[in-house]
Structures are given as C-alpha cells and as structure tokens.
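Sequence lines, in order, name chains W and F.
FYI, the numbering used here numbers position 142 of the first sequence as 282, with every residue one higher than the one before it.
FYI, the numbering used here numbers position 69 of the second sequence as 72, with every residue one higher than the one before it.
Shown next, in structure tokens, is the structure this report addresses.
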Amino acid sequence: MAIAQPALPKAKVAPWNDPIIRGWFFQIVVIGAVTALTWYLVSNTIENLERQRIATGFAYLGRESGFEIGDTMIPYSPADTYARALFVGILNTLRVSVLGIVLATILGTLIGVGRLSPNWLLNKLCECYVELFRNVPLLLWLFLIYKVISEAFPGPRQAIAALWDTVFLSNRGLYLPVPFAHDVHGWMGVALLVGIAATWAIRRWAKARQAATGQPFPTIKAGLGAIIGLPLLVWLISGAPLDFSVPHLKGFNFEGGTVIQPEFTALLVGLTLYTSAFIAEIVRSGILALHKGQSEAAYSLGLTRGQATRLVLLPQALRVIVPPMTSQYLNITKNSSLAIAIGYPDLVAAVNVTINQTGQAVENVLIIMAAYLTVSLSISLFMNWYNRRIALKER
Amino acid sequence: MSQATEAGPATPRPAALPPVVDAGALGWIRKNLFSSWGNAITTVLLIAFIVWLGSFLLNWAVLKATFSAESGKECVGTGGACWAIIGAKLRYIFFGSFPYDQHWRPLFAIVTMLGMLVLSCDRRMWNAGRLAIIWGIGTVITFMLMFGQIHIPVTLVSAIIFVASLAATLFRRTVADNTERTVYTAVTVLSGIYLILRVLGVLPSYSVPIVLFSYVETGSWGGLAVTMILATYGLAFAFPYGILLALGRRSNLPLIRGLCIGFIELIRGVPLISLLIMASVMLPLFLPSGTSIDKFLRAQVAVILFAGAYIAEIVRGGLQALPKGQFEAADAMGLNYVQRTTLIVLPQALRVVIPPLINTFIGFFKDTSLVLIIGIFDFLKTASQALVDPLWTGFPGEIYLFAAAVYFCFCFSMSRYSKYLEHELNKGTRR
C-alpha cells in the first residue's frame with residue numbers, strides 16, 4: 141500500500157543559489173554578450189561599407205560577370221551573370237568531389253585490404269603508401285602533381301598519341317573522342333532507368349522467393365544484364381550510330397573531342413591519393429574489429445568465401461566503418477576548395493574573383509558558407525540515414 | 004623386459020628440430036611470401052615492381068643527380084635530379100625573406116619551439132606549473148627572436164593579473180589557507196585600483212620596451228618558423244576555447260547549448276579556406292575604421308577559430324566517455340559547477356583525448372599550408388617561391404620532394420608519439 145508522502149516543506153533558497161534562476165542568469169549574460177558583440181561587428185561593418193562606398197545586397201548576382209572560366213560543365217561565357225558563374229563553380233566543386241569520393245573509396249578499400257594481406261611485401265608496401273600520403277599536406281601533393289603534369293608532359297604539338305591517333309596526352313590535358321549528340325542517347329538514358337527499376341524489382345522478387353522456397357536467384361547477373369543490356373539493345377535497334385568527334389591538332393591546340401584538363405586531373409588525383417590513405421586505415425580498423433569467430437562460423441555454415449564476406453563480414457564491418465567514412469567524404473568536399481591554389485575553377489575560386497571585382501566580401505563569403513553547409517549537411521544526412529539502416533537492430 | 008616393467012621416470016626424448024623449411028629465415032620467407040600460389044605470384048610481381056621503381060629512383064635521385072652547381076642550367080639534360088637547387092635555396096626555403104644577416108634568429112626560434120614541444124611531450128612535465136614555465140619562457144624567447152623587440156603594455160599585463168587573481172580568489176576560496184587568500188585578495192585589489200585609475204585617465208598608458216635586436220615586422224617572416232608558430236599557437240589558444248565550447252555543448256542550459264552547437268557545426272561545415280578568405284577580407288570590415296590588423300594575426304585568428312571547433316568535438320568525446328557516476332559523485336560532495344568541472348571532470352576527460360588531440364595537431368600542422376592562399380609566406384610558400392628564381396627554374400619535383408620530406412619528419416614523428424602515448428595511457432585499463 142502506497143502511503144501518501146507528506147509533501148516536503150519547500151527548502152528556502154536564496155534566489156542567487158537557486159540553480160534555475162542561476163541558469164537563466166548565465167544564459168541571459170552570455171546571449172547578451174554575444175548579441176552586443178554581433179551588434180558591434182555589424183554596425184562597424186555597415187559603417188565601413190558606407191565609407192568605402194561598397195554596395196550591399198545580392199543585386200550584383202544578376203549583372204554580367206565578365207570573367208572567363210576555363211573548365212565548365214554547362215555553357216558559360218563572360219557575358220553571363222555572376223549567378224551563373226557561381227553556379228558553374230558549384231558544379232565543378234560537386235564534380236570533383238563526387239568523383240574523388242568514388243575513386244578514394246575504391247583505392248582506399250584496396251589499400252586497406254592490402255594492409256591485412258598475409259603477404260609481407262604487399263602489407264609493408266601498403267603501409268608505406270598510407271604513411272607517405274597521410275603525413276604530407278594535401279596542398280603539397282597538389283602542387284607536385286600539377287607541376288609534374290604541366291612540366292613533364294610535352295606540348296600539344298609533341299603530344300603523346302594513343303589508340304590510332306584518337307587519344308592525345310599533352311600538358312594541356314588528356315584529349316578524348318566523344319560521340320556526337322544523337323537522338324538515340326535520350327532513349328538510351330530511358331532504357332538505363334528502366335534497367336535500374338527492373339533490377340530493383342528482380343531483387344525484391346528474388347528475396348521473396350528465397351524467403352518462401354529457399355531457392356536463390358542470380359540477382360547480380362540478372363541486374364547487370366538489365367542495366368547494361370537494355371541501353372545496348374536500344375542502341376543496336378536504332379542502327380548502332382557510331383560517329384565520334386575526334387580531337388585533332390589545329391594551330392597550337394587540339395580541336396574536337398573532349399578534354400580532361402590538367403588542373404582537374406591534378407586536383408582529382410591529389411584528393412584521391414591523400415584521402416585514400418585515411419580511408420585505408422578506416423577500412424583496416426573496421427575489418428580488424430570483427431571477431432575471428434564470425435568468419436569461422438560463416439564457413440562452418442557452408443557459406444562460400446564470397447557469401448561469407450557479403451552476408452556476414454561486410455555488414456558488421458560497415459557498422460564500424462561508416463561513421464568515420466562520413467567525415468572523410470566531408471573532408472574531400474571541403475578539401476576540393478584547395479582547387480584555388482592550382483587554378484581549377486571551383487566555387488571558392490569563382491567567389492574569389494567575384495569578391496575582387498565587386499568588393500562585396502560579406503555576401504560572397506555568405507554564399508560560400510551556405511553552399512558548403514548545404515553540401516556537408518546533405519552528405520551527413522544521407523550517411524546518417526545509411527548508418528541507421530545498417531546499424532545493429534537491437535530489441 | 005625388466006626395463007619395461009620398471010616404472011622409472013621416463014627420460015624425455017629431445018624434441019625433434021622443425022623441418023629446415025619451417026624455421027629460420029627460410030621458414031619466414033615461406034610463411035610470409037610464398038604460402039600459396041597466389042601469394043607467390045603477388046610476391047614476384049611486387050619484387051619486380053620494387054626493383055623497377057628502385058632502379059628508377061636510384062638512377063634519378065643518386066646516380067645521375069647533380070649535387071652542386073652554379074645555376075639550374077648545369078642540371079639540364081643530365082636526366083637526373085638537381086639537388087643543387089636545395090643547397091642554393093636552403094636558407095630561403097627555411098627562413099623566407101627574413102633579413103639575411105639575421106637568419107640565426109628564426110633558426111633559434113624554431114629550435115626553441117621544438118624544445119618547447121619536445122619537453123611538453125615528456126609526461127614528467129605534465130602539471131600546470133611546469134607547463135606554464137616551459138610555455139611562458141619558450142613563448143617569450145620565440146617572439147623576442149622573431150620580432151627583435153617587444154613592447155609590453157602595462158595595462159594589458161595588469162588586466163591579465165587582475166583576471167587571474169580574481170579567478171584564484173573565487174575558486175580557491177574554500178581550499179586555500181589564510182595567507183594564500185590574503186595574497187590573492189591583495190593582488191586583485193591592487194591591480195583593480197590600477198585598472199580603474201587607468202580607465203579614469205589618471206595614470207598615463209605606459210609600456211615596457213625590451214629592445215634586443217632590430218625590429219622585423221610579420222610581413223617579412225617566412226618559412227618553417229611561420230608554419231610552426233601558426234600551428235603551435237593556433238592550437239595553444241584554440242585549446243581552452245575548444246574546451247569551453249565542448250562544455251557549452253554538454254551544458255543543461257538550452258540557449259548556451261544551442262549557441263555552441265550552432266557555432267561548432269557552422270565552422271566544421273565550411274572549408275578552412277573560406278574562413279581564411281573571411282579573415283583576410285572581412286575582419287578589417289568588422290573593426291572600427293582606422294584600426295588595421297596585421298595580416299599574420301588575421302590568419303592566426305582564422306586558424307584558432309577553426310581549430311577550436313575541432314578540438315571541441317574531440318573534448319566532447321572525452322566528456323561523453325566519462326561515467327555518469329563521476330558527475331553524481333562530484334555533486335554529492337557538494338562541489339559547485341566550476342569545482343566539479345576543473346577538479347573531477349576535465350582531468351579525467353582530457354587524459355582520454357590526448358592521443359586524438361595530437362592527431363588534430365598533425366592535421367593542423369599540415370593545414371597551415373593553406374595560409375599561402377591569402378599571401379602568408381609559410382614553409383610551403385617559401386618552397387614554391389624558390390622555383391620562381393630564373394636561375395633555378397624548372398625543378399619543381401626536387402623542391403617539393405624536399406618540402407614533403409620535412410613535413411613528413413614532423414608529422415610522422417608526432418603520429419608515432421601519439422601511438423606510443425595511447426599505449427602508455429591505456430596501461431591501467433588494458434589486461
């Protein structure tokens with residue numbers, strides 16, 4: 141039987157000893173101080189801007205930029221607006237970041253697995269790789285790679301030709317042939333999407349069937365067939381149009397085809413090599429965190445090596461690997477801003493030119509921060525969602 | 004027969020030696036390099052690769068290399084490295100445009116900072132008093148050498164003394180004996196009176212000049228000393244402020260917690276370059292017109308702001324690793340927030356985070372190279388600037404490899420120290 145507790149007499153506490161009142165007092169003091177500091181800085185800024193006759197607001201974004209950008213993914217000319225120039229910069233940042241993330245993950249995983257190889261030589265070689273790239277600044281690697289590309293490779297006239305004079309490597313970049321735009325490309329894209337959707341459907345069906353009857357289905361082969369086969373089929377049906385724009389020397393440079401510029405190459409290679417060293421260590425620690433009994437149990441259940449890796453080992457290793465991997469992906473994105481040092485036109489480089497031309501530093505810095513925060517938060521959200529998906533389901 | 008029935012102690016047979024191919028060097032090679040077909044093929048391929056790479060490097064870096072030359076022209080066409088450029092540019096790479104006849108000053112500043120860091124690595128030095136002495140003396144010597152002369156404003160010194168003695172008066176109130184308390188109170192009152200008189204304008208502003216050498220402004224600093232100052236002092240200042248941010252993030256007060264989370268995530272979400280650009284173009288706008296702020300100081304402020312947010316997250320890891328019982332026990336002892344934090348929580352939390360903090364320091368040592376984008380002559384900048392000389396143009400590989408070797412020495416030794424420390428500090432908890 142619960143006995144009604146007599147309410148304790150409320151202890152008399154002086155207001156300055158009451159933790160709640162104290163808490164609010166400190167909060168008000170801190171917020172007041174921060175507000176005062178902000179007000180001081182903002183009022184100084186406004187006064188300075190007025191004195192230097194610098195315009196405020198984002199109206200400049202609609203004006204003509206007037207500067208060239210060497211490497212663009214969408215059509216751009218100096219007559220376009222600042223907004224478009226900045227958008228070109230954002231696209232360039234995203235391009236190098238996404239490619240860097242994919243390549244660094246592949247290379248880093250290979251090196252990380254190599255570090256655990258029973259082969260002593262391979263093991264030590266991978267260790268040397270990791271220590272070498274981890275302990276030297278990324279910027280130095282970028283400078284070194286960029287300088288080596290631009291000094292060690294010959295000029296366009298002495299370019300190294302390969303594949304029956306369709307691919308050229310020079311200090312202006314790597315020139316590759318590209319197919320001319322054709323109507324069928326759109327349909328091939330549709331076929332690719334259909335293939336992906338079909339793969340997803342096959343996977344669902346195969347899982348349901350295996351759960352019901354125990355019969356496995358070669359989902360991976362069927363999926364690959366659908367994803368690669370369908371676009372190929374569309375291309376063959378339409379008569380296999382194969383017209384390439386092949387680069388050829390004209391004057392002092394190449395014309396036609398597409399080019400992978402040395403700045404882009406240097407940045408991508410530098411980011412990939414540097415980050416893969418960190419990823420290798422993450423992968424290694426993820427694999428080492430697995431208990432030996434897990435693989436032994438998987439083999440004794442009769443799983444093949446591939447099945448054991450895919451179904452037992454990898455899901456557990458990923459739990460350790462994903463959180464630090466997320467921060468490495470964020471690092472690649474943020475480190476891609478080093479592009480400015482070797483002249484690849486990413487967002488920061490575009491903003492820097494804009495600041496120099498318009499003098500509107502505050503707005504431009506806000507744009508950089510907003511853009512990077514958006515990208516960082518999107519990557520965090522995606523990786524956190526993925527992490528929750530693969531996390532241990534505890535009851 | 005009789006021998007068989009005699010139950011005497013059986014003489015142990017000497018253990019047979021392992022087969023020759025399983026022991027010694029041969030066994031090691033067999034086990035580690037040729038344990039299976041795939042392994043053997045890998046080994047052969049790797050040996051071929053190493054021989055190819057090694058012979059190329061040996062040829063380029065040693066056999067065909069030029070070690071001394073008057074100018075870069077003597078190296079052209081040899082097909083080997085031109086190490087002569089390192090010799091010719093060594094002083095510029097390490098000291099930048101510091102006045103040539105004064106190069107010994109940054110050299111000794113580097114040595115002082117190295118000594119300071121190495122001494123701080125020794126666990127016997129890990130108490131507040133010894134560290135304060137090492138860093139106090141080291142800092143004064145470093146900046147004395149770099150600037151050449153220092154003007155110490157008395158007002159600033161007395162303000163620092165006032166704050167320190169006030170803090171001592173408040174926080175040692177319950178622990179100190181009578182004499183100690185009296186001393187703290189007296190110092191607080193004296194420095195307080197001086198400050199009030201100074202603010203009222205009764206006393207003139209006064210600074211103590213210490214003039215030992217010729218004055219060298221920060222614009223002429225360069226090379227390794229700049230990199231070391233930016234990294235060392237960036238982290239030294241970021242450390243207390245990172246701890247405050249971490250405590251704020253773990254606080255029960257919603258407004259303070261929100262403010263700290265917002266600040267930390269904002270800084271961690273943007274690249275260091277954007278902060279450096281902000282410091283170089285926006286900091287002058289933030290201050291009242293007429294005040295100009297040194298470019299070096301701007302970069303240092305950006306590095307401190309940046310490092311603080313990262314340190315805060317590491318310290319938060321240490322705070323979270325602390326069992327809840329520690330907080331509760333401190334509360335049960337009747338300690339207030341400051342006492343609980345400084346006497347119980349931080350000493351345990353910081354011990355856990357020392358190895359990751361060193362890793363952060365390695366990261367910042369490398370990241371300070373970014374300041375060259377806003378025009379500071381750090382080590383990487385002076386190295387690449389050495390390539391601009393028309394006499395020595397065209398040898399980027401040699402210069403950058405040399406710079407990489409210097410960075411590698413610093414970072415690799417620090418990472419080894421961090422590993423050793425992790426091992427040492429975990430001795431108590433490891434079985």
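Where is the CB? At the ideal position from N, CA and C, for every residue including glycine.
Would residue i and residue j qualify as a contact pair, given that the criterion is a beta-carbon distance under 8 Å?
i                      : j                      : result
residue 263 of chain F : residue 245 of chain F : no
residue 177 of chain F : residue 191 of chain F : no
residue 203 of chain W : residue 216 of chain W : no
residue 519 of chain W : residue 461 of chain W : no
residue 410 of chain F : residue 277 of chain W : yes
residue 290 of chain W : residue 476 of chain W : no
residue 286 of chain W : residue 482 of chain W : yes
residue 367 of chain F : residue 234 of chain F : yes
residue 148 of chain F : residue 111 of chain F : yes
residue 249 of chain F : residue 322 of chain F : yes
residue 488 of chain W : residue 501 of chain W : no
Under 8 Å, Cβ to Cβ, is there at least one residue of chain W near residue i?
i                      : result
residue 289 of chain F : yes
residue 406 of chain F : yes
residue 295 of chain F : no
residue 399 of chain F : yes
residue 336 of chain F : no
residue 228 of chain F : no
residue 75 of chain F  : no
residue 85 of chain F  : no
residue 285 of chain F : yes
residue 272 of chain F : yes
residue 276 of chain F : yes
residue 339 of chain F : no
residue 418 of chain F : yes
residue 369 of chain F : yes
residue 421 of chain F : no
Counting contacts by CB-CB distance shorter than 8 Å, is residue i in contact with chain F?
i                      : result
residue 235 of chain W : no
residue 141 of chain W : With a pLDDT of 47 at residue 141 of chain W, under the threshold of 50, the modelled position of this residue cannot be trusted, and the question is left open.
residue 157 of chain W : no
residue 137 of chain W : Nothing about residue 137 of chain W can be reported from this structure: the residues present for chain W run from 141 to 535 only.
residue 154 of chain W : no
residue 460 of chain W : no
residue 512 of chain W : yes
residue 519 of chain W : no
residue 187 of chain W : yes
Name the chain W residues that come within less than 9 Å of residue i, Cβ to Cβ?
i                      : result
residue 411 of chain F : 271, 272, 275, 276
Please tell me whether, using a cut-off of 7 Å, the distance from the CB of residue i to the nearest non-hydrogen atom of the ligand ZN is below it.
i                      : result
residue 460 of chain W : The ligand ZN is not among the ligands present in this structure, which contains no ligands whatsoever.
Reducing DSSP to helix, strand and coil, say where residue i ends up.
i                      : result
residue 418 of chain F : helix
residue 474 of chain W : helix
residue 405 of chain W : helix
residue 302 of chain W : strand
residue 430 of chain F : coil
residue 188 of chain F : helix
residue 245 of chain W : helix
residue 37 of chain F  : coil
residue 355 of chain W : coil
residue 95 of chain F  : helix
residue 313 of chain W : strand
residue 4 of chain F   : Annotation note: pLDDT 43 at residue 4 of chain F (below 50); position unreliable, coordinate value reported separately. Coil, per DSSP.
residue 431 of chain W : coil
residue 25 of chain F  : helix
residue 275 of chain W : coil
residue 330 of chain W : helix
Against residue i, what residues of chain F qualify as contacts under a CB-to-CB distance less than 7 Å, listed in chain order?
i                      : result
residue 523 of chain W : Within chain F, no residue comes near residue 523 of chain W; the closest Cβ sits about 14 Å away, beyond 7 Å.
In chain F, what lies closer than 8 Å to residue i by C-beta?
i                      : result
residue 468 of chain W : Per Cβ cutoff of 8 Å: no residues; residue 468 of chain W is ~12 Å from chain F at best.
Mind checking who residue i pairs with in its DSSP beta bridge?
i                      : result
residue 254 of chain W : In DSSP, residue 254 of chain W forms no bridge with anything.
residue 234 of chain W : DSSP output for residue 234 of chain W lists no bridge partner at all.
residue 398 of chain W : W:316
Using the beta-carbon of each residue, which ones in chain W are nearer than 7 Å to residue i?
i                      : result
residue 38 of chain F  : 258
residue 376 of chain F : 480, 481
Could you tell me which chain W residues have their CB closer than 8 Å to the CB of residue i, listed as they occur along the chain?
i                      : result
residue 414 of chain F : 274, 275, 276
residue 67 of chain F  : Per Cβ cutoff of 8 Å: no residues; residue 67 of chain F is ~16 Å from chain W at best.
Using a Cβ cut-off of 9 Å, pull out every chain F residue sitting near residue i, in sequence order please.
i                      : result
residue 171 of chain W : 258, 259, 262
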